[in-house]
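The listed protein sequences correspond, in order, to chains F and L.
Sequential numbering of the first sequence, starting at -10, is according to this note's numbering.
Sequential numbering of the second sequence, starting at -10, is according to this note's numbering.
Backbone N, C-alpha and C define an ideal beta-carbon position, used for all residues, glycine too.
Since we're looking at a predicted model, the values are computed, not measured.
There are 2 protein chains.
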Amino acid sequence: MSPRPSAYVLLERVSNLLRAELRSAGAADELEPVHLQALDYLDRANAYSNTPLAVAEYLGLTKGNVSQRLIALERAGYLKRTADARDRRVSHLALTAKGRSLLRAAVPPPHWREALAALPAESVDRLERGLLDLLRALQLAQGGRSFGECRTCRHFVVDGGRYACGLTREPLAAEQTTKICREHAAPELPKTA
Amino acid sequence: MSPRPSAYVLLERVSNLLRAELRSAGAADELEPVHLQALDYLDRANAYSNTPLAVAEYLGLTKGNVSQRLIALERAGYLKRTADARDRRVSHLALTAKGRSLLRAAVPPPHWREALAALPAESVDRLERGLLDLLRALQLAQGGRSFGECRTCRHFVVDGGRYACGLTREPLAAEQTTKICREHAAPELPKTA
DNA sequence: CCAAGTGGTATCGTCGCGATACTATTTTAT
DNA sequence: ATAAAATAGTATCGCGACGATACCACTTGG
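Rendered as structure tokens:
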């Protein structure tokens, strides 16, 4: 049959389509893709990871640039900022109600929601497994942070029904454990054939 | 076991990583992601599809903007332009030797090449199949152009060992048939469960 | 306690981007 | 045949995303 385009080509295409959709999804509120992505990240980040620097690392942009984007988002009422209790240099960002409602409407972009909903379960499954493997391989190749969910981390500890982070030795609230942690480390390598 | 992040979240993450890698891959030559993507597209586009407008549609950007990017790329010696023989409004873009050598070095970005090479065949297979299904679903949901390979198109005709496009009724050189066509239409819907 | 390191902001210049307006050419109607 | 509509592309403007650099406040570690 017709040979398949390579994975890279497909990913590039998907990436362009996503960016285009995000652009049009944010256009109504005069927001660029980067804004929606920052908001989406912050909505999914745990308490260690909802800082300007973490957003910059997640998006692969400079901290100076991201700082300005976040200030703009805060000024427009999508974010609110709280100071860190222990380290007075760091600030934590949380979505306001306005931010959350924007996010609910705009991301995933409408057509993507449709498309993913229409996709048969086995396709979604293939996609997720393939992407997870790719992300692990990329992580290995470039050695950045993995930004995985807290509870999938090597340092995640369950002790007598209570959760904790083995790295910072701090206890974790239940809702923190399903969020993105910038200190995330994958438990082990996938066994390759 | 640990529940998997949703496909959308994974795609968003992959998309960010790709953009970051492209940014750094192009930085040495003072090129932005958009330039590398335009060059990459043009390198894979067939004779119907190597025009400024097609690039704009592929990238989801306005033709005015893309026109300026392409002028910059041409001025920097990565592209050369030829006028269309029949329609004097359209111009065709081809990579120069300089353009091709840049592309070979920068895309896919080094770490992605490594990662994809390191990925077991079954993961790549899952990824490609999952992404293809997603692209078809997106195509259906948003109704844009599919930008598939010429020979996978509904209008592709093989007649006595010769290739032709059933839409324009023109004969196709063999090397055209493996390239991207902006008029591409998928042959049929995937049979969903 | 001082030096080095770190999270964050301010500011500057470049240029990607959409919007708009325009030209030149082709296609379609009448 | 010719006017009107559509199409490919460019020019230009304003905005603001982005990296680079410099800087400040705070923390950490000798």
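Taking 7 Å as the limit between beta carbons, can you name the residues of its chain near E46(F), skipping five residues before and five after?
Counting from one through the first sequence, the residue named residue 46(F) turns up at place 57. If we look at E46(F) and ignore the five residues flanking it on each side, its Cβ neighbours are R134, R171.
Can you tell me whether E164(L) is buried or exposed, with buried defined as 16 or more other CB within 10 angstroms of its CB?
For the purposes of this step, residue 164(L) is identified with residue 175 of the second sequence, where counting begins at 1. That one is exposed.
To the nearest angstrom, report how far apart G49(F) and V146(L) are at their CA atoms.
Numbered from 1 along the first sequence, position 60 holds the residue referred to as residue 49(F). Numbered from 1 along the second sequence, position 157 holds the residue referred to as residue 146(L). Cα to Cα, G49(F) sits roughly 45 Å from V146(L).
Taking only beta carbons into account, state which residues of the region 42 to 56 of chain L come closer than 9 Å to chain F, listed in chain order.
If you check each beta-carbon in the region 42 to 56 of chain L against every beta-carbon of chain F, the ones closer than 9 Å belong to Y47, L48, G49, L50.
Would you please state the rounded distance, in angstroms, between the beta carbons of A126(L) and A107(F)? I believe it to be under 8 Å.
Position 137 of the second sequence, counted from the start, is the residue given in the question as residue 126(L). Position 118 of the first sequence, counted from the start, is the residue given in the question as residue 107(F). Contact holds; Cβ gap of about 5 Å.
Whole angstroms are fine: how far does the CA of L68(F) sit from the CA of A110(L)?
The count along the second sequence starts at 1 and reaches residue 110(L) at position 121. The count along the first sequence starts at 1 and reaches residue 68(F) at position 79. Roughly 43 Å separates the two Cα atoms.
Chain F contact residues for V113(L), given Cβ-Cβ distances below 8 Å:
Within the second sequence, residue 113(L) is the residue found at index 124, counting from 1. Using a Cβ-Cβ cut-off of 8 Å, V113(L) is close to A(-4), G119 of chain F, given in chain order.
Measuring only the C-alpha atoms, how far is R151(F) from E159(F)?
Taking the first sequence and counting its residues from 1, one reaches residue 151(F) at position 162. Taking the first sequence and counting its residues from 1, one reaches residue 159(F) at position 170. Distance between the alpha carbons of R151(F) and E159(F) is about 11 Å.
Quick one, are the C-beta atoms of D32(L) and L84(L) less than 8 Å apart?
Here residue 32(L) refers to the residue found at position 43 of the second sequence. Here residue 84(L) refers to the residue found at position 95 of the second sequence. It is a contact, given that the beta carbons lie within the stated cut-off.
Answer yes or no: does any C-beta atom of chain L fall closer than 8 Å to that of A130(F)?
Numbered from 1 along the first sequence, position 141 holds the residue referred to as residue 130(F). Yes, contact with chain L.
Over what stretch of residues does the beta strand (DSSP E) that includes S90(F) continue unbroken?
Here the question's residue 90(F) lines up with position 101 in the first sequence. Careful: S90(F) lies outside any beta strand (DSSP E), inside the alpha helix (DSSP H) at 86 to 95.
Using only alpha-carbon positions, find the residue among R140(F), G149(F), C154(F), D148(F) that is nearest to K168(F).
Locating residue 168(F) in the first sequence gives position 179, counting from the first residue. Closest by alpha carbon: R140(F).
Say whether chain F places a C-beta atom closer than 8 Å to the C-beta of E164(L).
Stepping through the second sequence from its first residue, residue 164(L) is reached at position 175. It does not: the Cβ of E164(L) has no partner Cβ on chain F nearer than 8 Å.
Got a sec? Which residues, its chain only, sit under 7 Å from C142(L) by beta carbon, not counting five neighbours each side?
Reading the second sequence from its first residue, position 153 is the one you call residue 142(L). Only C170, H173, A174 meet the Cβ criterion.
According to DSSP, is V146(L) part of a helix, a strand, or is it coil?
Numbered from 1 along the second sequence, position 157 holds the residue referred to as residue 146(L). Strand.
Starting from the N-terminal side, write out each stretch of the beta strand (DSSP E) that is 3 residues or longer and does not extend beyond the region 10 to 92 of chain F.
68 to 72, 80 to 84
Starting from A153(F), trace the beta strand (DSSP E) both ways and give me its first and last residue.
As a first step, residue 153(F) is located in the first sequence; it is residue number 164 there, counting from the start. Here the beta strand (DSSP E) through A153(F) covers 151 to 154.
Using three-state DSSP, classify P160(L) as helix, strand or coil.
Stepping through the second sequence from its first residue, residue 160(L) is reached at position 171. Residue state, collapsed to three classes: strand.
So, is A72(L) buried or exposed, given that buried needs 16 or more other C-beta atoms within 10 angstroms?
Indexing the second sequence from 1 puts residue 72(L) at position 83. Per the 10 Å Cβ criterion, exposed.
Simplified DSSP state of V(-2)(L), which is helix, strand or coil
Along the second sequence, one-based indexing puts residue -2(L) at 9. Correct three-state label for V(-2)(L): helix.
So R171(L) contacts chain F; which residues on that side make the cut at Cβ distance below 8 Å?
Looking up residue 171(L) in the second sequence gives position 182. Within 8 Å Cβ-Cβ: nothing; R171(L) doesn't reach chain F, min ~13 Å.
Sequence-distant residues of its chain with Cβ nearer than 7 Å to R8(L) (five each side left out)
Counting from 1 along the second sequence, the entry for residue 8(L) is found at position 19. P22.
Span of the alpha helix (DSSP H), counted from its first residue to its last, around G132(F)
Indexing the first sequence from 1 puts residue 132(F) at position 143. No alpha helix (DSSP H) holds G132(F); DSSP gives it neither H nor E.
What is the rounded straight-line gap between the Cα of G137(F) and the Cα of R75(L)?
Here residue 137(F) refers to the residue found at position 148 of the first sequence. Here residue 75(L) refers to the residue found at position 86 of the second sequence. Rounded to the nearest angstrom, the two C-alpha atoms are 54 Å apart.
Interface partners of E103(F) on chain L, CB under 7 Å
Stepping through the first sequence from its first residue, residue 103(F) is reached at position 114. A130, listed in chain order.
So, is A14(F) buried or exposed, given that buried needs 16 or more other C-beta atoms within 10 angstroms?
Residue numbering aside, residue 14(F) sits at position 25 when the first sequence is read from its first letter. Its Cβ being crowded by 16 or more others within 10 Å, A14(F) is buried.
Flag V254(L) as yes if its beta-carbon sits less than 8 Å from any beta-carbon of chain F, otherwise no.
Because chain L here runs from -10 to 182, residue 254(L) falls outside it and cannot be looked at.
Using alpha carbons as the reference points, say which of V113(L), P97(L), Q131(L), P(-6)(L) lies closest to Y30(L).
Position 41 of the second sequence, counted from the first residue, corresponds to residue 30(L). Looking at the Cα atoms, P97(L) is the closest of the given residues.
Who are the neighbours of P97(F) on chain L, taking C-beta pairs under 7 Å?
Here the question's residue 97(F) lines up with position 108 in the first sequence. Within 7 Å Cβ-Cβ: Y(-3).
C-alpha distance - R188(L) paired with G66(F), whole-angstrom precision:
In the structure as shown, chain L starts at -10 and stops at 182, and residue 188(L) therefore has no counterpart that could be examined.
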